[in-house]
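Novice: Below you'll find the structure I mean.
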Amino acid sequence: MVYLSAILLYMYRFGQWRRLKEVLTEEFTFWHRARTVIATMWDAHGWVWHGYEIVNVDRIPDNSSALIIYYHGALPIDLYYFLSKVFLLKNRLMHTVADNFLFRIPGLRILGEGLRVTPGTVQQCSAILHDNNLMAISPGGLYEAQIGDSFYKLMWRRRLGFAKVAIEAKVPIIPIFTRNLRESFRTVGWMKSFWHKLYMYTRLPIVPIYGGFPVKLVTYVGEPIPYDPDVTPEELAKKVAYAVEDLIRTHQKIPGSIVRGLLERLPHNRRHYAYPWY
Numbered sequence: 001m002v003y004l005s006a007i008l009l010y011m012y013r014f015g016q017w018r019r020l021k022e023v024l025t026e027e028f029t030f031w032h033r034a035r036t037v038i039a040t041m042w043d044a045h046g047w048v049w050h051g052y053e054i055v056n057v058d059r060i061p062d063n064s065s066a067l068i069i070y071y072h073g074a075l076p077i078d079l080y081y082f083l084s085k086v087f088l089l090k091n092r093l094m095h096t097v098a099d100n101f102l103f104r105i106p107g108l109r110i111l112g113e114g115l116r117v118t119p120g121t122v123q124q125c126s127a128i129l130h131d132n133n134l135m136a137i138s139p140g141g142l143y144e145a146q147i148g149d150s151f152y153k154l155m156w157r158r159r160l161g162f163a164k165v166a167i168e169a170k171v172p173i174i175p176i177f178t179r180n181l182r183e184s185f186r187t188v189g190w191m192k193s194f195w196h197k198l199y200m201y202t203r204l205p206i207v208p209i210y211g212g213f214p215v216k217l218v219t220y221v222g223e224p225i226p227y228d229p230d231v232t233p234e235e236l237a238k239k240v241a242y243a244v245e246d247l248i249r250t251h252q253k254i255p256g257s258i259v260r261g262l263l264e265r266l267p268h269n270r271r272h273y274a275y276p277w278y
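Counting from 1, one number per residue, gives the positions in the sequence shown under UniProt numbering.
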């Protein structure tokens, strides 16, 4: 109740009650109203629990299409905050690609429909981007989420689908990375070989996760990588991997530390957001 109260006060302080009232009372579609409510709640939760911020959000286009590539944490909590803030700041709904198993979980189908989550073949993703949309993909996916650790090593396993999508759709790729992501939620560090083998056998997210720590989370948006008709999928994948790794090297101390992430929440490290609607 304490944190729910803090979230509600945050929404009031930054004028988001007014935004919600406008959306709910004026003639918007059901989905637009629902998405605004969900995004507002996630945005408030991100600020209260993690002091969440985005650096260089202006690199996300206001009107054109782009493919956003991100590092996958044990839980993609940062992606929820990122999508919500982009939706509120730019009024743009970002499509996301998720593992097939998510669509078999009861109750998540309507969430996928409302938030534009898709299992995504190359052709489907390219078609979405051709329609002037934003899309977010994690090449590491569930494998990176389950097997990764606080050393933030990319685990893309030579996946090229995202590069093929960008080339076919002729769109830029924008790399992003969230500092302290692995310190908010972590997979267990014991019996790693056992969990690795079990995951490879089942392909299900069965590695135990712990956390929910209120560490500071900051998403850094890298320089867009423009479309190049002469580049191959292999070359583009390497270029994007290097760009994400550069964001990690620049903004993340290795190995990550939960204590350090908590200390970054101290007031002298905060940077206040200037919301355009108040």
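Heads up, the beta-carbon is just placed ideally off N, CA and C, and yes, glycines get one too.
In chain order, what are the residue ranges of uninterrupted beta strand (DSSP E) at least 3 long that sit wholly in the region 52-85?
Specialist: 53-55, 66-70
Novice: If you run the structure through DSSP and keep just helix, strand and coil, what is Pro-214?
Specialist: Three-state DSSP puts Pro-214 in coil, outside helix and strand.
Novice: Using a Cβ-Cβ cut-off of 7 Å (strictly less than) and excluding sequence neighbours within five positions of Ala-241, which residues of its own chain qualify?
Specialist: The answer, listed in chain order, is Leu-154, Trp-156.
Novice: Candidates Phe-162, Gly-120, Ala-39, Gln-146: which alpha carbon is nearest Tyr-227's?
Specialist: Among Phe-162, Gly-120, Ala-39, Gln-146, the Cα nearest to that of Tyr-227 belongs to Phe-162.
Novice: Taking the C-alpha atoms as reference points, what is the distance between Phe-177 and Gly-148?
Specialist: 14 Å
Novice: Beta-carbon within less than 6 Å of Arg-260's beta-carbon, same chain only, minus the 5 sequence neighbours each way: which residues are those?
Specialist: none
Novice: Note the first and the last residue of the continuous beta strand (DSSP E) segment covering Thr-178.
Specialist: Per DSSP, the unbroken beta strand (DSSP E) holding Thr-178 starts and ends at 173-179.
Novice: Using DSSP with H/G/I as helix, E/B as strand and the rest coil, what is Tyr-227?
Specialist: DSSP places Tyr-227 outside both helix and strand once states are collapsed to three, so it counts as coil.
Novice: I need the boundaries of the alpha helix (DSSP H) containing Leu-142, first residue and last residue.
Specialist: 141-147
Novice: Three-state secondary structure (DSSP) at Met-200?
Specialist: helix
Novice: Could you tell me the distance, in whole angstroms, from the CA atom of Thr-96 to the CA atom of Leu-263?
Specialist: 32 Å
Novice: With a threshold of 16 other CB atoms inside 10 Å of the CB of Met-94, please say whether the residue is buried or exposed.
Specialist: buried
Novice: Using the three-state DSSP reduction, which class does Phe-87 fall into: helix, strand or coil?
Specialist: helix
Novice: For Leu-134 and Arg-92, which I take to be in contact (beta-carbon distance under 8 Å), what is that distance rounded to the nearest angstrom?
Specialist: 6 Å
Novice: Return the first residue and the last residue of the alpha helix (DSSP H) that Thr-250 is part of.
Specialist: 233-251
Novice: Have a look at the DSSP bridge pairing and note the partners of Phe-185.
Specialist: Gly-211
Novice: Less than 8 Å separating the beta-carbons of residue 310 and Val-86?
Specialist: Outside the shown range of the chain, which is 1 to 278, sits residue 310, and nothing can be said about it.
Novice: Tell me which residue opens and which closes the alpha helix (DSSP H) that Leu-263 is part of.
Specialist: Taken as a continuous stretch (DSSP letters only), the alpha helix (DSSP H) holding Leu-263 covers 258-263.
Novice: Going along the chain, which residues of its own chain have a beta-carbon closer than 6 Å to the beta-carbon of Leu-67, five neighbours each way excluded?
Specialist: Met-135, Ala-166, Val-171, Ile-173
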